[in-house]
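Participant: First, the structure itself, so that you have it in front of you.
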Amino acid sequence: MNTKKHYVMTSIIAAISILFMIISMSVLPSPLFQEAHAVTSNQPVMMQAGHADFGPTLSGGKWKIQIRDDTGDDPVWRDPENVVFRLGNSSIVPMPDDSTYAFIGEKPGTKLYVIPQTQNQDVVWLGWNTQEGGVLNELDRGANLSLDGVSGPGKLHVYLENGNNNPQQLWDSTKGYPQNTWIETNAHTHVNWVFSKPGVYHVKLTFSGKLKNGRKVSDTRLLNFAVGENTNPQDALAASSASGKSSSQNNNESEEDSDENESEDDSDDRINEPDEAYSKDNKNNSSKRNRKHKKKDDTSLVIAQMVTVTFVLLLIIVIIFLVIAVVKTKKAKKLAIEQRLMARANNSGETVDSSSSVDSSSSSEVSSDSSIDEQIQETSILPR
Numbered sequence: 000m001n002t003k004k005h006y007v008m009t010s011i012i013a014a015i016s017i018l019f020m021i022i023s024m025s026v027l028p029s030p031l032f033q034e035a036h037a038v039t040s041n042q043p044v045m046m047q048a049g050h051a052d053f054g055p056t057l058s059g060g061k062w063k064i065q066i067r068d069d070t071g072d073d074p075v076w077r078d079p080e081n082v083v084f085r086l087g088n089s090s091i092v093p094m095p096d097d098s099t100y101a102f103i104g105e106k107p108g109t110k111l112y113v114i115p116q117t118q119n120q121d122v123v124w125l126g127w128n129t130q131e132g133g134v135l136n137e138l139d140r141g142a143n144l145s146l147d148g149v150s151g152p153g154k155l156h157v158y159l160e161n162g163n164n165n166p167q168q169l170w171d172s173t174k175g176y177p178q179n180t181w182i183e184t185n186a187h188t189h190v191n192w193v194f195s196k197p198g199v200y201h202v203k204l205t206f207s208g209k210l211k212n213g214r215k216v217s218d219t220r221l222l223n224f225a226v227g228e229n230t231n232p233q234d235a236l237a238a239s240s241a242s243g244k245s246s247s248q249n250n251n252e253s254e255e256d257s258d259e260n261e262s263e264d265d266s267d268d269r270i271n272e273p274d275e276a277y278s279k280d281n282k283n284n285s286s287k288r289n290r291k292h293k294k295k296d297d298t299s300l301v302i303a304q305m306v307t308v309t310f311v312l313l314l315i316i317v318i319i320f321l322v323i324a325v326v327k328t329k330k331a332k333k334l335a336i337e338q339r340l341m342a343r344a345n346n347s348g349e350t351v352d353s354s355s356s357v358d359s360s361s362s363s364e365v366s367s368d369s370s371i372d373e374q375i376q377e378t379s380i381l382p383r
């Protein structure tokens, strides 16, 4: 009975430990999902370093492409028409002398401006994701991301590298449109963006899909790039303002409200501020945002490591407890068996001793009788 109770207690403790681990995993916030729409901003910004993703958001039934800016203490969702990605000298990479990159169409050694698939701390790290909370809950399977056009002085190539495999080209501005790419729900991807010449580029993209309730959704936006050290980011924002708003209104005409229009009007006023002040302010804040982003990443990593260590320790404790329980149970069984055997041996020994005593007394009686008979015989032999 005690052994059964022991096993029951062990099972309960193990189950509690596993339940604690599951709850901790579900409660621990993920940096990608935390406060998805808690912070939004319509203020124009320039990004030249740090992490950013563009992707669909779904709030209040409105499907909208936005840019998640992770360069500050907290993530900020921004409208693409208010963001310009700047590629300076730190982004310059010479064209490789490798036939696997021949699709780029430039001579070896030619200067290319690149947003790399693997992060470079001195270059903006731009990717896309379908991980916003509303999208995760309501999007059915995935979405289609299409390149609908590129304007600029040079060419744009976007490709993906996977291990030692040849580069997988996703978009090529020299080909026709649209160029479609399927994106699964809960995806987060970074790719190589290659611009062939300095200047202002506008990249027209559409995210479209179907929700779980059968409703079809779509939004088209422009991403703005100021490529080259001498290219003014203000030019990229000013040129995209009208076309960006027009595209947004076409895709979400029934969903636009007066507050959003007022915000866009305010954005236009700020866009017309002096170029020098805009550029200087963003340059001064860039390094601060990068340090904050790195600090946030380090904190998230420390939390993840602490949680992992806790889980491992709990598993080790449970396993040790189970091993001890099994060993004690085996020892108890062995001891019980030995005690039974000893008890049986003792019982057998007492029986043998009793028999020996009886035989001894019988022998002594026989011996006594024999000596009496001898005395009688000796007496009868003596002369009378």
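Counting from 1, position 281 in the sequence shown corresponds to residue 280 in numbering that gives the first Met the number 0; the numbering is continuous, with no gaps.
C-beta: ideal position from N, C-alpha, C; glycine also.
1. If you count every other CB in all the chains shown that lies within 10 Å of the CB of valine 173, and 16 or more means buried, which is it?
2. How should leucine 204 be labelled, buried or exposed, when 16 other C-beta atoms within 10 angstroms of its C-beta is the threshold for buried?
3. Between the stretch 132 to 145 and the stretch 176 to 188, are three or more C-beta pairs nearer than 8 Å?
4. Taking only the alpha-carbon atoms, compute the straight-line gap between lysine 332 and valine 308 and give it to the nearest angstrom.
5. Any chance the stretch 74 to 87 sits against the stretch 44 to 60, with 3 or more Cβ pairs inside 8 Å?
6. Just reading off the alpha helix (DSSP H) that glutamate 137 is part of, what are its end residues?
7. With a 10 Å radius around its C-beta and 16 neighbouring C-beta atoms as the bar for buried, classify valine 351 as buried or exposed.
8. What are the start and end residues of the beta strand (DSSP E) that includes glutamine 167?
9. Do lysine 106 and isoleucine 91 count as a contact pair if the criterion is CB distance below 8 Å?
10. For the candidate residues Asn191, Gly153, Thr129 and Asn163, whose alpha-carbon lies nearest to that of tryptophan 181?
11. In chain order, what residues of the same chain lie with their CB nearer than 6 Å to the CB of glycine 151, ignoring the 5 residues before and after it?
12. Are three or more beta carbon pairs between the stretch 37 to 46 and the stretch 60 to 79 nearer than 8 Å?
13. What does DSSP give as the partner residue(s) for phenylalanine 84 in the beta ladder?
14. Suppose you measure from the CA of aspartate 171 to the CA of leucine 155; what does that come to, to the nearest Å?
15. Taking C-alpha atoms, which residue in Tyr158, Ala101 and Glu131 lies nearest to valine 113?
16. Flag this pair as yes or no: are the beta carbons of glutamine 118 and tryptophan 124 separated by less than 8 Å?
17. Count the other C-beta atoms from every protein chain shown that fall within 10 angstroms of the C-beta of glutamine 33, then say buried if there are 16 or more, exposed otherwise.
18. Could you check what DSSP says for glutamine 120 in three-state terms: helix, strand or coil?
19. Going by DSSP, which residues form a beta bridge with glycine 54?
20. Between which two residues does the beta strand (DSSP E) carrying isoleucine 103 extend?
21. Using the rule of at least 16 other Cβ atoms within 10 Å of the residue's Cβ for burial, across every protein chain shown, is glutamate 337 buried or exposed?
22. Let's test the definition: count the other Cβ atoms within 10 Å of the Cβ of glycine 227 and tell me whether it reaches 16, buried, or not, exposed.
23. Determine the closest residue to glycine 132 out of Asn165, Gly59 and Leu314, with distance taken between C-alpha atoms.
24. Whole angstroms is fine: what's the gap from methionine 305's alpha carbon to alanine 342's?
25. What whole-angstrom Cβ distance do aspartate 147 and threonine 219 have, given they're in contact under 8 Å?
26. I need the straight-line Cα distance from asparagine 260 to serine 217, nearest angstrom please.
27. Please classify arginine 214: does DSSP put it in a helix, a strand, or coil?
28. Could you name the residues of the same chain whose beta carbon sits closer than 8 Å to that of asparagine 88, not counting the 5 residues immediately before and after it, in chain order?
29. In whole angstroms, what is the alpha-carbon distance linking lysine 63 and leucine 210?
30. Alpha carbon to alpha carbon, how far is serine 247 from proline 115?
31. On the criterion of 16 or more Cβ atoms from any shown chain inside 10 Å, does glycine 108 qualify as buried, or is it exposed?
Facilitator: Judging by the given coordinates:
1. According to the sequence provided, residue 173 is threonine. The question's valine does not apply to it. Under this definition threonine 173 is an exposed residue.
2. That one is buried.
3. Flag = yes, the stretch 132 to 145 and the stretch 176 to 188 touch.
4. Going by the C-alpha atoms only, they are around 36 Å apart.
5. They touch, by the three-pair rule.
6. Under the DSSP assignment, glutamate 137 falls in the alpha helix (DSSP H) whose first and last residues are 132 to 137.
7. Unreliable placement is indicated for valine 351, whose pLDDT of 47 sits below 50; no coordinate value is reported for it.
8. 167 to 171 is the span of the beta strand (DSSP E), which, as asked, contains glutamine 167.
9. Taking 8 Å as the Cβ cut-off, isoleucine 91 and lysine 106 do not qualify as a contacting pair.
10. From the listed residues Asn191, Gly153, Thr129 and Asn163, the smallest Cα separation to tryptophan 181 is found for Thr129.
11. The residues are Gly198 and Tyr200.
12. Here the stretch 37 to 46 makes contact with the stretch 60 to 79; the two share three or more CB pairs at distances below 8 Å.
13. DSSP, once it has assigned bridges, lists Met46 and Phe224 as partnering phenylalanine 84.
14. Going from the Cα of aspartate 171 to the Cα of leucine 155 covers about 6 Å.
15. Looking at Tyr158, Ala101 and Glu131, the one whose alpha-carbon comes closest to that of valine 113 is Tyr158.
16. Going by C-beta atoms, glutamine 118 is nearer than 8 Å to tryptophan 124.
17. Confidence at glutamine 33 is low in this model, with a pLDDT of 41, below 50, so the placement of that residue is unreliable and no value is reported for it.
18. In the three-state scheme derived from DSSP, where H, G and I count as helix and E and B as strand, glutamine 120 is classed as coil.
19. Paired residues: Gln65.
20. Where isoleucine 103 is concerned, there is no enclosing beta strand (DSSP E), given that its DSSP letter is neither H nor E.
21. With a threshold of 16 other beta carbon atoms within 10 Å, glutamate 337 falls short and is exposed.
22. Counting other Cβ atoms within 10 Å of its Cβ, glycine 227 reaches 16 or more and is therefore classed as buried.
23. Answer by Cα proximity: Gly59.
24. CA-to-CA, the gap between methionine 305 and alanine 342 works out to about 55 Å.
25. Contact between aspartate 147 and threonine 219 holds, since their C-beta atoms are separated by about 7 Å, short of 8 Å.
26. Residue placement at asparagine 260 is flagged as unreliable, the pLDDT there being 39, under the threshold of 50; the coordinate-derived value follows with that caveat. Taking the straight line joining both Cα atoms gives about 20 Å.
27. Looking at arginine 214 - three-state DSSP - the assignment turns out to be coil, as it is neither helix nor strand.
28. Result list for asparagine 88: Glu228, in chain order.
29. Going by the C-alpha atoms only, they are around 13 Å apart.
30. Below a pLDDT of 50, predicted positions are generally treated as unreliable, and serine 247, at 47, falls in that range; no measurement from the model is reported.
31. By the neighbour-count rule (16 or more Cβ atoms within 10 Å), glycine 108 is not buried but exposed.
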